[in-house]
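**Student:** Quick one: structure below, then a few questions.
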Amino acid sequence: MICLTGDIHHDSLKINDQRFIPDGMNEIEICGKYLELLKKYNLKVTFYTTGMTFQEQWEEFKAIAEADNVEIGGHTFSGLPRKTESTDAATGLPSCSHAHSHGTYEDQEQDVQKMIGIAEEKTGKKLLTWRSHGLVKDENTEKILFVNGIRFISDELNWNKILPEKTEAGLISHPMNVLMDHDHLFHAHRTCEYVERQRKNWPFKDAPTNRSFEIDKWGRIVRAQIQAIDEMGGLATILMHPLCMYLADGFKTAEKIFEFIASLKTKCVWASETEEFLGKK
Ligand SMILES: [Zn+2]
Ligand SMILES: [Zn+2]
Numbered sequence: 012m013i014c015l016t017g018d019i020h021h022d023s024l025k026i027n028d029q030r031f032i033p034d035g036m037n038e039i040e041i042c043g044k045y046l047e048l049l050k051k052y053n054l055k056v057t058f059y060t061t062g063m064t065f066q067e068q069w070e071e072f073k074a075i076a077e078a079d080n081v082e083i084g085g086h087t088f089s090g091l092p093r094k095t096e097s098t099d100a101a102t103g104l105p106s107c108s109h110a111h112s113h114g115t116y117e118d119q120e121q122d123v124q125k126m127i128g129i130a131e132e133k134t135g136k137k138l139l140t141w142r143s144h145g146l147v148k149d150e151n152t153e154k155i156l157f158v159n160g161i162r163f164i165s166d167e168l169n170w171n172k173i174l175p176e177k178t179e180a181g182l183i184s185h186p187m188n189v190l191m192d193h194d195h196l197f198h199a200h201r202t203c204e205y206v207e208r209q210r211k212n213w214p215f216k217d218a219p220t221n222r223s224f225e226i227d228k229w230g231r232i233v234r235a236q237i238q239a240i241d242e243m244g245g246l247a248t249i250l251m252h253p254l255c256m257y258l259a260d261g262f263k264t265a266e267k268i269f270e271f272i273a274s275l276k277t278k279c280v281w282a283s284e285t286e287e288f289l290g291k292k
């Protein structure tokens, strides 16, 4: 079984990858093209989308949010914008695309409520699923999400957990158990130099690896992991950002992966449908 996910950001967030988008395009347009490919292979997807995308780009995003095969999840309202310069003064290399804290309990709760409010207002559907931008979380995050109605979270990086589990706060967590794309791919600003520096200050303490790969190699690893989890009767949760996939090789590898998933004849589920795998052995 497969839960395919992608994260989407508003243009004004100006994350590092967005600077590599060819002139005349933007992340939402790229996302639309990704969605066309998914439809070609009859696959469904959960798109964790920042609240500001709804606020600032609803006209262009509407068709994606309302597509039959799309579920919208929360990705924070603001996207934790950086407060400092986007270039690291010491090295001249781009700095991380997001802040590393949600601020106080109240700040975070306000952001969560704004995210939920705008998504529900625009789509008319209850927001149930969540992944924080940058996977940033603290001891308050899950509590805040739960009391505000979120029930599913996918922010753990763990290749050993092949089934969802209940967290202490009451959420259903389905870890990303397949090599995620952005932080393990050479693309956009993630040059050899950038990757080496990131490995020294690796922020994802729980990630099974801090290596990065060329897109071909990444795609082969991902396909093998998906197949192995599916054969064990698990749920493979995959993160493939539309933007990273497009910038890395114009969706060539993404399409190979979609074609591969379609060939497995396995079931695809949205994040909000992962409860059925709870407690399976
Ligand atoms: Zn993100
Ligand atoms: Zn990326």
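Take any residue in the sequence shown, count from 1 to its spot, add 11: that is its number in our numbering.
Built from N, CA and C at the ideal position, the CB exists for glycine as well.
Note that this is a predicted model, so its numbers are computed, not measured.
#1: Suppose you measure from the CA of glycine 244 to the CA of glutamine 66; what does that come to, to the nearest Å?
#2: By how many angstroms is the C-alpha of glycine 290 removed from the C-alpha of methionine 69?
#3: Answer yes or no: do asparagine 159 and isoleucine 127 have a C-beta to C-beta separation smaller than 8 Å?
#4: Tell me tyrosine 59's beta-bridge partners as DSSP assigns them.
#5: Classify proline 105 as helix, strand or coil using the three-state DSSP reduction.
#6: Return no unless some Cβ of chain D is closer than 8 Å to the Cβ of lysine 267.
#7: Am I right that isoleucine 272 and isoleucine 240 are in contact with their C-beta atoms under 8 Å? What's the rounded C-beta distance?
#8: Taking leucine 54 and cysteine 255 to be in contact with their CB atoms under 8 Å, please state how far apart those CB atoms are, rounded to whole angstroms.
#9: Determine which residues share a DSSP beta bridge with alanine 247 and list them.
#10: Does at least one heavy atom of ligand 1 sit under 7 Å from the Cβ of histidine 185?
#11: Just to confirm the assignment, what range does the alpha helix (DSSP H) spanning tyrosine 52 have?
#12: Indicate the three-state DSSP secondary structure (helix, strand or coil) for serine 165 in the structure shown.
#13: Enumerate in chain order the residues of its own chain whose CB-to-CB distance from asparagine 169 is below 8 Å, with the five nearest sequence positions on each side excluded.
#14: Pick from Lys50, Lys73, Thr202, Asp22: whose alpha carbon is nearest that of glutamate 131?
#15: Can you determine whether any heavy atom of ligand 2 sits closer than 7 Å to the C-beta of leucine 6, and answer yes or no?
#16: Grouping DSSP H, G and I as helix and E and B as strand, with all else coil, what is serine 89?
#17: Could you give the C-beta distance for tryptophan 281 and threonine 134, rounded to a whole number, given that I count them as a contact under 8 Å?
#18: Closest to glycine 181 by CA distance: which of Leu174, Thr277, Ile161 is it?
#19: Please report the straight-line C-alpha distance between lysine 136 and glutamate 82, rounded to a whole angstrom.
#20: Assuming contact is defined by CB atoms lying nearer than 8 Å, are isoleucine 19 and cysteine 42 in contact in what I supplied?
#21: What does DSSP give as the partner residues of methionine 187 in its beta bridges?
#22: Let me check understanding here. Comparing Cα to Cα, which of Ala110, His86, Gly85, Asn80 lies closest to lysine 94?
**Tutor:** Here's the rundown:
#1: The sequence position of residue 244 within the sequence shown is 233, counting from 1. The sequence position of residue 66 within the sequence shown is 55, counting from 1. Spanning the two alpha carbons is a distance of roughly 40 Å.
#2: Along the sequence shown, read from residue 1 onward, the residue named residue 69 stands at position 58. Along the sequence shown, read from residue 1 onward, the residue named residue 290 stands at position 279. Contrary to the premise, residue 69 reads as tryptophan rather than methionine in this sequence. Cα-Cα distance, rounded: 38 Å.
#3: Along the sequence shown, one-based indexing puts residue 159 at 148. Along the sequence shown, one-based indexing puts residue 127 at 116. Annotated as proximal: asparagine 159 and isoleucine 127, with beta-carbon spacing under 8 Å.
#4: As a working mapping, residue 59 is identified with position 48 in the sequence shown. Beta-bridge pairing links tyrosine 59 to Asp18, Gly84.
#5: As a first step, residue 105 is located in the sequence shown; it is residue number 94 there, counting from the start. It is a strand residue.
#6: Reference to chain D is not applicable here, since this structure consists of a single protein chain.
#7: If you number the sequence shown from 1, residue 272 lands on position 261. If you number the sequence shown from 1, residue 240 lands on position 229. Contact doesn't hold; Cβ gap of about 12 Å is too wide.
#8: For this step, residue 54 is matched to residue 43 along the sequence shown. For this step, residue 255 is matched to residue 244 along the sequence shown. Their Cβ separation, rounded to whole angstroms, is 18 Å, which puts leucine 54 and cysteine 255 out of contact at 8 Å.
#9: Looking up residue 247 in the sequence shown gives position 236. According to DSSP, which records beta bridges pairwise, alanine 247 is partnered with Ile13.
#10: The sequence position of residue 185 within the sequence shown is 174, counting from 1. Histidine 185 Cβ: outside cutoff for every heavy atom of ligand 1.
#11: By one-based count along the sequence shown, residue 52 stands at place 41. Where tyrosine 52 is concerned, there is no enclosing alpha helix (DSSP H), because DSSP gives it neither an H nor an E.
#12: To locate residue 165, count along the sequence shown from 1; it is residue 154. Correct three-state label for serine 165: coil.
#13: Here residue 169 refers to the residue found at position 158 when the sequence shown is read from its first residue. Pro186, Met187, Asn188, Asp217, Pro219, listed in sequence order.
#14: In the sequence shown, the residue the question calls residue 131 occupies position 120. Closest by alpha carbon: Lys73.
#15: Because the chain here runs from 12 to 292, residue 6 falls outside it and cannot be looked at.
#16: For the purposes of this step, residue 89 is taken as the residue at position 78 of the sequence shown. Coil.
#17: Here residue 281 refers to the residue found at position 270 when the sequence shown is read from its first residue. Here residue 134 refers to the residue found at position 123 when the sequence shown is read from its first residue. Separation of the CB atoms of tryptophan 281 and threonine 134 is rounded to 14 Å, and the pair is thereby denied contact status at 8 Å.
#18: Position 170 of the sequence shown holds residue 181. With distances taken between Cα atoms, glycine 181 lies closest to Ile161.
#19: Numbered from its first residue, the sequence shown carries residue 136 at position 125. Numbered from its first residue, the sequence shown carries residue 82 at position 71. Answer to the nearest angstrom: the Cα atoms are 10 Å apart.
#20: Along the sequence shown, read from residue 1 onward, the residue named residue 19 stands at position 8. Along the sequence shown, read from residue 1 onward, the residue named residue 42 stands at position 31. Isoleucine 19 places its beta carbon less than 8 Å from that of cysteine 42.
#21: Locating residue 187 in the sequence shown gives position 176, counting from the first residue. For methionine 187, which the question treats as bridged, DSSP gives the partners Leu168.
#22: In the sequence shown, residue 94 corresponds to position 83, counting from 1. With respect to the C-alpha of lysine 94, the residue from Ala110, His86, Gly85, Asn80 having the closest C-alpha is Ala110.
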